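Top line first, the protein sequences correspond to chains A and B. All letters in the first sequence, in the order written, are residues 715 to 1103 by the working numbering. All letters in the second sequence, in the order written, are residues 4 to 125 by the working numbering. Ideal Cβ positions, reconstructed from N, Cα and C, are used throughout, including at glycine. Just so you know, these numbers come straight off a predicted model, no measurement behind them.
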Amino acid sequence: MVKTGVPRLDDLLGGDIPKGKSLVYYIQPGVEGEIFGLQTIYTTLIKSGNGVFIASSTSPAVVREQFREFGWNVEPFKKKLTFVDAYNSLIGVPSEEKYAVLKPDNIENFNEIIIKLLQESPPSTIVFGSLSTIMDLCGEKETIEAVRSWNKIAMLYDHVIVYNFTAWPYSEETLDLIKNELFNAVISVGGIAERVIFGQYFGILKADWTEKIRKSMLFRVFRPGGIKLFIPKIVVTGPFNAGKSTFVHSLSNRAISVDRLGTTIAIDHGHVDYKGFSADIFGTPGQERFDPIIKLISGEAMGIFLVVDSTNPEDFVRAKQMLKITKSYGLPFIILANKQDLPGALKPEEIKKLFNLPDDVQVLPVTASNKTGVYEAFEVLIDKITGGI
Amino acid sequence: MADTIELIEKVLADMKKVRGVEACAAVSRDGLLISAIMQNKRFAESFAAMSATMLGAAETATTELNKGVPDRVIVESKRGRLITAGAGPKALIVVLVDSNTGLGLVLLELEKSAEKLKELLL
Ligand SMILES: Nc1nc2c(ncn2[C@@H]2O[C@H](COP(=O)(O)OP(=O)(O)OP(=O)(O)O)[C@@H](O)[C@H]2O)c(=O)[nH]1
Ligand SMILES: [Mg+2]
């Protein structure tokens, strides 16, 4: 079973990439997309599979260095990671790899080596570091024909075959074939500029073994760390003294609060790095006199936590009002029934009744002061935000 | 549109060149970091959130008192100055200035940069 190793993408692809399938990362120029293929091969290795990397735009040595940059030690997998060197002969350097394409501008030579490799290797994850480079050297039509046959042979030999492809201005026909026909799955990787959010996203354009889910996800590339899903803003709101600041601190890897005399007068801000997600958390004040700030802070939120003190139902009216102030309706939001450790704390079901909200609104039990339920709540909200399953 | 971010980075790079400016950032009104030039990158996101809250609070305070929207917020400490100014409805710009440079030129350039940022994000 092969996984991409890209957070959330594997879920969206139905868990994994079945044997025999081909997948292309269709990358907009200028976006850090080639790491996708790298992350996929590394994920294969740590799940004790075999990996083959076709290095066509840089030398295998540079690719090994890239693995290191991302904090991925491939030394222990020496026997399971094979390189095809389709680069060094371009610059006149002899290759030290088992497979080398000596004439990388000649598709026949490529064909010969790749087909031999596909036939000789045990079922593997085969990753082309840059299909576009091969296309530039060998021609568009020629390369497309070659890819057709590689995909077929890969299928016969139970490989999973993965390509990084940078969508330079090739002919419409070529780009169409790549987006629609040539591969079992197409993941688009691009840049996004929406209002004040500038970043990079990926999304599934096609995956013929599973119901396709058209949902784009923001990501960031970390060195070390690799691809992480990026959630620029999750808002934590709720009435005075509910435990918002405590929650932000217990969830975050690092956080700061502007509290004076025991209450938040401006904002809590934290950063969470958890299970492949990188999220920034914005906590609001709770008291009514800070409503303008609450409104300000909650703009552009991707999801909301509404924290309530489970021993204090008198504040639920205010809590509900805060959902309006933060424009939560229409956004993914969940209610956190905090202070579950205290005697007399209402159970989530009781709170849900009192709130009188639609059935699909979730109320989760947490005790922010000792972190109970905190990460579970985070996962539930993240699932809602990323349309997870 | 994809290049907007590069243009914003250029505005910030120019601002950073002004004498005395140690760091600067473009931030959305609601506290998201758009881009920053600063040493301590790890703090950039929090810094952005704080700056937006500061300016937002100042604007609310003065407008409620019928004194109009402030041109900028200047925070002075022994070791430097922090200046935040609105840059149109979507963004703001914030600069960190050392403690011994006169603010005249900085404020002038800040106004120009804010105007450019505003145009870029329209
Ligand atoms: N027993 C218990 N106390 C908690 C829990 N979470 C927070 N508290 C306490 O509740 C009080 C308020 O916590 P904060 O995190 O400051 O609450 P807040 O919602 O940020 O408050 P404001 O910013 O003033 O609106 C503090 O005394 C916390 O120690 C919890 O899970 N259990
Ligand atoms: Mg607080």
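Q | Complete alpha helix (DSSP H) runs within the region 888-970 of chain A (minimum length 4 residues, chain order) | A | 958-965
Q. Within the present structure, is the beta-carbon of G997 (chain A) separated from the nearest heavy atom of ligand 2 by less than 8 Å?
A. yes
Q) What residues of chain A sit near I8 (chain B), judged by a beta carbon separation below 8 Å? A) A907 and F912
Q. Can F750 (chain A) and V798 (chain A) be called in contact, C-beta distance under 9 Å?
A. no
Q | Environment of M715 (chain A) [buried if 16+ CB atoms lie within 10 Å] | A | exposed
Q: Going by CA-CA distance only, name the one from B:E9, B:A51, B:K81 and B:V21 that's closest to L3 (chain B).
A: Any question about residue 3 (chain B) goes unanswered here, given that chain B covers just 4 to 125.
**Q.** Candidates B:V98, B:R82 and B:M57, of which the one nearest V14 (chain B) by Cα
**A.** B:V98
Q | chain B contact residues for P946 (chain A), given Cβ-Cβ distances below 7 Å | A | L35
Q: Answer yes or no: does any C-beta atom of chain B fall closer than 9 Å to that of D994 (chain A)?
A: yes
Q. Starting from F781 (chain A) and walking both ways along the alpha helix (DSSP H), at which residues does that stretch end?
A. P774 to E783
Q.
Assuming contact is defined by CB atoms lying nearer than 9 Å, are G34 (chain B) and F996 (chain A) in contact in what I supplied?
A. yes
Q. In terms of DSSP beta bridges, what is R84 (chain B) paired with?
A. B:E79 and B:V100
Q. Would you say the region 783-790 of chain A touches the region 929-942 of chain A, given that touching needs at least three Cβ pairs under 8 Å?
A. yes
Q. Would you report the Cα separation of F944 (chain A) and E1028 (chain A), rounded to the nearest angstrom?
A. 36 Å
Q. Are G763 (chain A) and P837 (chain A) closer than 9 Å when you measure CB to CB?
A. yes
Q: Step through the CB atoms of chain A and report whether any lies within less than 9 Å of the CB of T63 (chain B).
A: yes
**Q.** Pocket of ligand 2 defined by Cβ to heavy atom distance under 5 Å
**A.** A:K958, A:S959 and A:T978
**Q.** Amino acids of chain A, ordered along the chain, whose beta-carbon sits closer than 9 Å to that of S31 (chain B)
**A.** R909, V910, I911, G1013 and E1014
Q.
ligand 1 and L1056 (chain A): does the residue's C-beta get closer than 8 Å to at least one heavy atom of that ligand?
A. yes
Q: Would you mind stating whether L752 (chain A) and G913 (chain A) have Cβ atoms separated by less than 9 Å?
A: no
Q) Looking only at its own chain, which residues have a Cβ that is under 8 Å from the Cβ of M57 (chain B), when we skip the five neighbours before and after it? A) V76, V78 and T87
Q: Indicate whether at least one CB of chain A lies closer than 9 Å to the CB of T104 (chain B).
A: no
Q.
Considering only DSSP beta bridges, list what L1020 (chain A) is partnered with.
A. A:T951 and A:I1049
Q. Of the choices A:I828, A:L1071 and A:L1050, whose alpha-carbon is the least far from that of L1020 (chain A)?
A. A:L1050
(Q) Which of the three DSSP states is assigned to D1074 (chain A) in this structure? (A) coil
Q.
Could you tell me the alpha carbon to alpha carbon distance between K929 (chain A) and G1101 (chain A), rounded to whole angstroms?
A. 8 Å
Q: To the nearest angstrom, report how far apart I1099 (chain A) and I11 (chain B) are at their CA atoms.
A: 28 Å
Q | Euclidean distance between Cα positions of M931 (chain A) and K1009 (chain A) | A | 25 Å
Q. Given a limit of 7 Å on CB to CB distance, which residues of the region 1047-1068 of chain A reach chain B?
A. none
Q. Alpha carbon to alpha carbon, how far is I37 (chain B) from K817 (chain A)?
A. 45 Å
Q: Starting from the beta carbon of I981 (chain A), find every residue of chain B whose beta carbon is closer than 8 Å, and list them in chain order.
A: G34, A52, M53 and T56
Q) In angstroms, rounded to a whole number, what distance separates the CA positions of D850 (chain A) and Q742 (chain A)? A) 16 Å
Q. When every heavy atom of ligand 1 is checked, does at least one fall within less than 8 Å of the C-beta of F842 (chain A)?
A. no
Q. Just to confirm, are S770 (chain A) and I848 (chain A) a CB contact at a threshold of 9 Å?
A. yes
Q. Does DSSP classify Y988 (chain A) as helix, strand or coil?
A. strand
Q) If the cut is a Cβ gap below 9 Å, which residues of chain B does H985 (chain A) touch? A) R45, E48 and S49
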